[in-house]
Amino acid sequence: MTEKKYPLQTPESSQVEEAPTHYHLTTRNHVYPKNMILYGPPGTGKTYQTVNYALAMIENKSLEELADEPRADLLKRFNAYKEKLQIAFITFHQSYSYEDFIQGLRPNTNMGTLHFERRDGIFKRMADRARKNFDTFSQQQVFKKKFEDLLNELLIKNIDPETEEIEVYLDSSHRIYQSIIIFEMTDTTLFYKRRTKRDIIKNESKEMNIDILKNIYEDATFVKDAINQKYYEAVVQAVRQYEENHKPEKSLQQLQNYVVIIDEINRANISRVFGELITLIEPDKRYGSDNGLSVTLPSGENFTVPANLYILGTMNTADRSIALIDTALRRRFVFEAIYPDASLIADEEVQKVFKDLNEKILQEKNSPDYLIGQAFFIGKTMEDLPQVFNYQLIPLLLEYFPNRRDTILSILQGIALPVEEVNYQIKYKEATN
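The sequence shown begins at 293 in our numbering and counts up by one.
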């Protein structure tokens with residue numbers, strides 16, 4: 293299957309493009325869409341890959357980094373995040389409702405009489421949890437001291453009461469001077485003189501711009517005054533050291549990402565389940581963005597979706613009995629195609645059967661949405677194929693080609709598989725000893 297790329301049909305369009313050929317998709321940076329759906333035929337690893345995608349979103353790593361790690365390590369971290377309630381994994385079905393997902397009333401008879409109580413759904417609980425973390429982190433940023441205040445505190449606490457000067461030591465690699473002595477400060481400038489390594493204080497008045505100090509503090513790569521850069525860096529390092537030594541005892545709350553994974557996202561009535569989310573999940577409408585919006589739930593509660601919450605769905609393109617996502621919701625998601633990858637099948641004979649089978653299906657269907665995924669063949673040998681075909685693939689092909697038994701026989705016989713029709717059933721003949 294690697295010699296020929298499949299034409300790609302996205303859920304939004306029937307235009308023919310080239311499908312990705314690699315199982316692990318490339319990410320040039322670590323910025324992932326807030327709303328993403330992995331789509332493709334059955335058995336291509338969509339649900340399998342949600343572990344990698346969720347970890348990438350939470351840990352700010354590339355998919356390539358995670359692909360090099362042992363699967364057991366990935367699963368261990370994935371389950372740890374589930375325990376910490378940073379990841380929620382759910383599966384949509386035709387009975388899944390708004391009340392399950394967002395909020396609804398549930399009967400309660402614990403008090404001896406029937407009454408109804410409001411109960412939050414899985415998505416709302418995750419959104420509230422993510423917002424609490426977002427708010428805590430944002431408040432810490434507001435209370436973080438400005439550079440000017442840190443500099444002022446540093447100078448006041450380190451001033452020599454006799455000389456009313458502050459000495460800041462340079463890096464030991466400096467060839468001539470060991471320190472600078474700040475003797476005056478205005479709103480815009482520090483005035484200083486230098487002490488040589490022979491302990492001679494120069495009779496001078498040099499100036500240091502506070503705005504440049506601030507720029508170096510905020511961006512270590514900032515270079516404005518190359519000649520005096522070492523003096524600027526010494527003051528900035530002193531400010532950073534002062535800030536580190538005077539941190540509050542309680543560790544600051546880190547901004548965390550949260551992920552809701554929705555397997556088989558197109559199996560539910562999505563518009564009905566998502567409700568108000570149709571507006572709130574757009575990146576620019578998220579809580580914390582410039583155009584952030586909130587909605588009032590039927591209960592009267594105010595609800596928002598924070599910027600640190602990701603939605604990751606999977607969608608089986610072969611399941612045509614399920615209504616596709618409507619246009620309004622579709623445009624709010626980014627779609628990543630996950631198509632068959634023959635390179636993951638070790639046995640060369642099995643790999644050839646896999647490739648030939650998919651080529652035949654593609655010729656008949658003229659669509660990659662009905663291909664067979666590699667999951668059916670990974671770790672299998674030719675001796676395993678009767679079981680695979682008789683109990684998994686032939687029933688699937690009967691769904692792909694209803695009332696077209698001759699077509700199925702033609703496909704399987706066309707790739708030289710030992711199939712026959714027995715008692716009106718298509719069977720892959722098992723080898724006899």
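Heads up, the beta-carbon is just placed ideally off N, CA and C, and yes, glycines get one too.
With distances taken between CB atoms, is the gap from residue i to residue j smaller than 8 Å?
| i | j | result |
| --- | --- | --- |
| L330 | T606 | yes |
| I504 | E440 | no |
| V645 | I707 | yes |
| Y662 | A620 | no |
| I664 | I653 | yes |
| V527 | M500 | yes |
| K522 | L446 | no |
| Y550 | Q655 | no |
| F393 | L547 | no |
| Q666 | T339 | no |
| V642 | M674 | yes |
| L468 | E457 | Before going on, a small fix: residue 468 reads as Ile here, not Leu. Contact flag unset, no. |
| N371 | L358 | no |
| S635 | R410 | no |
| P678 | E713 | no |
| L569 | M418 | no |
Residues in its own chain within less than 8 Å of residue i by CB, not counting five upstream and five downstream?
| i | result |
| --- | --- |
| D582 | D576 |
| I554 | I382, T383, F384, I603, L604, G605 and T606 |
| T342 | L330, F381, I553, D555, L604 and T606 |
| K494 | K485, R486, R487 and T488 |
| Q684 | F668 |
| R624 | N327, I570, I573 and E574 |
| F408 | L397, R398, P399 and N400 |
Tell me which residues share the same chain as residue i and place their Cβ nearer than 6 Å to its Cβ, disregarding the 5 neighbours each side in the sequence.
| i | result |
| --- | --- |
| T596 | Y579 and S586 |
| D676 | none |
| D618 | S563 |
| L589 | Q395 and F595 |
| T699 | F693 |
Does the Cβ of residue i have 16 or more other Cβ atoms within 10 Å, making it buried, or fewer, making it exposed?
| i | result |
| --- | --- |
| I350 | buried |
| L367 | exposed |
| G671 | exposed |
| N715 | exposed |
| P660 | buried |
| I472 | buried |
| P399 | exposed |
| I448 | exposed |
| F566 | buried |
| V460 | buried |
| G406 | In the sequence on display, residue 406 carries Leu and not Gly. Exposed. |
| Q386 | exposed |
| N352 | exposed |
| R490 | exposed |
| L397 | exposed |
| N402 | exposed |
| N537 | exposed |
| N608 | buried |
To the nearest angstrom, how far is the alpha carbon of residue i from that of residue j?
| i | j | result |
| --- | --- | --- |
| D639 | G413 | 45 Å |
| T478 | A422 | 43 Å |
| Q738 | E391 | There is no way to answer for residue 738, as the model of the chain reaches only from 293 to 725. |
| I508 | E574 | 36 Å |
| N425 | F415 | 16 Å |
| D427 | P598 | 9 Å |
| I562 | P334 | 20 Å |
| N558 | Q432 | 40 Å |
| S497 | Y324 | 52 Å |
| P534 | K438 | First, the residue type needs correcting, since residue 534 is Tyr and not Pro in the sequence shown. One C-alpha to the other measures close to 13 Å. |
| L355 | A348 | 6 Å |
| L690 | Q717 | 10 Å |
| R696 | R622 | 33 Å |
| I492 | S465 | 18 Å |
| N780 | Q470 | Within the shown structure, residues of the chain are numbered from 293 to 725, placing residue 780 beyond reach of any answer. |
| E375 | R369 | 10 Å |
| A364 | A346 | 15 Å |
| I519 | E361 | 46 Å |
| L709 | V680 | 13 Å |
Leaving out the 5 sequence neighbours to the left and right, which residues in its chain are closer than 7 Å to residue i when beta-carbon positions are compared?
| i | result |
| --- | --- |
| E476 | F483 |
| N682 | K719 and Y720 |
| Y388 | A560 and V565 |
| Y373 | I350 and I379 |
| E525 | I508 |
| T455 | none |
| N450 | I458 |
Check the Cβ-Cβ distances between residue i and every residue of chain C, and say whether any is below 8 Å.
| i | result |
| --- | --- |
| F625 | The structure shown contains no chain C; it is built from a single protein chain. |
**OP:** Tell me, please, whether the stretch 618 to 631 touches the stretch 329 to 343 by the rule of three or more beta-carbon pairs shorter than 8 Å.
**Re:** Pairwise C-beta distances place the stretch 618 to 631 in contact with the stretch 329 to 343, as three or more of them are shorter than 8 Å.
Original post:
Counting Cβ pairs closer than 8 Å, one from the stretch 695 to 715 and one from the stretch 645 to 655, do we hit at least three?
Top reply: These segments touch.
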